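Written below as structure tokens is the structure these notes are about.
In my numbering, the protein residues as written are 233 to 416.
Quick look at the structure:
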């Protein structure tokens with residue numbers, strides 16, 4: 233991977249609004265390509281294979297780990313998540329800036345391997361707002377919500393390990409700030 237400044241890491245706790253901010257960025261900037269992650273979790277309503285995620289079986293995912301086909305991978309809330317290496321390399325070669333919207337452990341792995349990447353941590357305005365956002369998705373059972381909220385405390389404590397930490401109070405403003413960081 234030659235042009236590492238073309239690799240942008242966006243992370244933060246579940247429910248902080250990463251996906252919403254990314255959508256806003258992609259609407260404004262056409263030379264940014266969002267890396268599609270692989271996961272073993274079940275698709276949520278409206279999610280499409282190859283558009284939102286590559287939905288894989290546990291067996292297939294583990295096989296790809298063994299073959300070192302992921303830029304990063306992690307296990308979270310009972311499921312695996314990872315970034316397929318081949319598509320990221322291909323898009324960088326084509327001149328795109330590659331945006332990785334990933335969970336904190338994967339972001340740390342990439343930051344370690346590629347210190348020249350730009351890493352941005354999204355923070356919630358506060359924990360109550362984070363919980364409200366997770367609950368309002370209406371996609372998870374109480375046990376999974378509690379796991380995500382518990383995990384959020386740990387993840388937020390790691391925010392100082394990234395190049396920038398931005399509070400996501402307003403999606404449009406957050407997207408503008410991220411685009412400015414990418415362009416400088």
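For every residue, glycine included, the Cβ atom is placed at its ideal position computed from N, Cα and C.
As the structure is a prediction and not an experimental result, all values here were calculated from the model.
Cβ separation of residue i and residue j, assumed to be a contact under 8 Å, to the nearest whole Å
i           : j           : result
residue 400 : residue 331 : So it is not a contact: roughly 15 Å between Cβ atoms.
residue 242 : residue 333 : 5 Å
residue 275 : residue 287 : 6 Å
residue 378 : residue 324 : Incorrect: roughly 38 Å between the Cβ atoms, too far for contact.
residue 220 : residue 256 : Because the chain spans 233 through 416 in this model, residue 220 falls outside it and cannot be assessed.
residue 278 : residue 268 : Going by Cβ atoms, the distance from residue 278 to residue 268 rounds to 15 Å, so no, they are not a contact pair.
residue 290 : residue 272 : 5 Å
Residue range of the beta strand (DSSP E) that includes residue i
i           : result
residue 311 : 311-316
residue 293 : From DSSP, residue 293 is part of no beta strand (DSSP E) but of the alpha helix (DSSP H) over 290-298.
residue 307 : 302-308
Beta-bridge pairing of residue i - partner residues as DSSP gives them
i           : result
residue 353 : 243 and 397
residue 331 : 240 and 266
residue 371 : According to DSSP, residue 371 bridges with nothing at all.
residue 281 : 285
residue 271 : 287 and 313
Assigned exposure category for residue i - 16 Cβ within 10 Å defines buried
i           : result
residue 386 : exposed
residue 396 : exposed
residue 360 : exposed
residue 247 : buried
residue 235 : Annotation note: pLDDT 40 at residue 235 (below 50); position unreliable, no value reported.
residue 249 : buried
residue 429 : Outside the shown range of the chain (233 to 416) lies residue 429, about which nothing can therefore be said.
residue 326 : exposed
residue 340 : buried
residue 382 : exposed
residue 297 : exposed
residue 251 : exposed
residue 244 : buried
residue 389 : exposed
Check: residue i C-beta below 7 Å from any heavy atom of the ligand SAH
i           : result
residue 365 : The ligand SAH is absent from the structure shown, which contains no ligands of any kind.
Residue i - containing alpha helix (DSSP H), residue span
i           : result
residue 389 : 374-389
residue 341 : 336-345
residue 252 : 250-260
residue 404 : 403-415
Contact between the region 346-366 and the region 312-319 is defined here as three or more beta-carbon pairs at a separation below 8 Å; is this criterion met? no
Cβ contact check for the region 406-414 and the region 368-378: 3 or more pairs under 8 Å: no
Sufficient close CB pairs (3 or more, under 8 Å) joining the region 258-266 to the region 341-352: Short answer: they don't touch.
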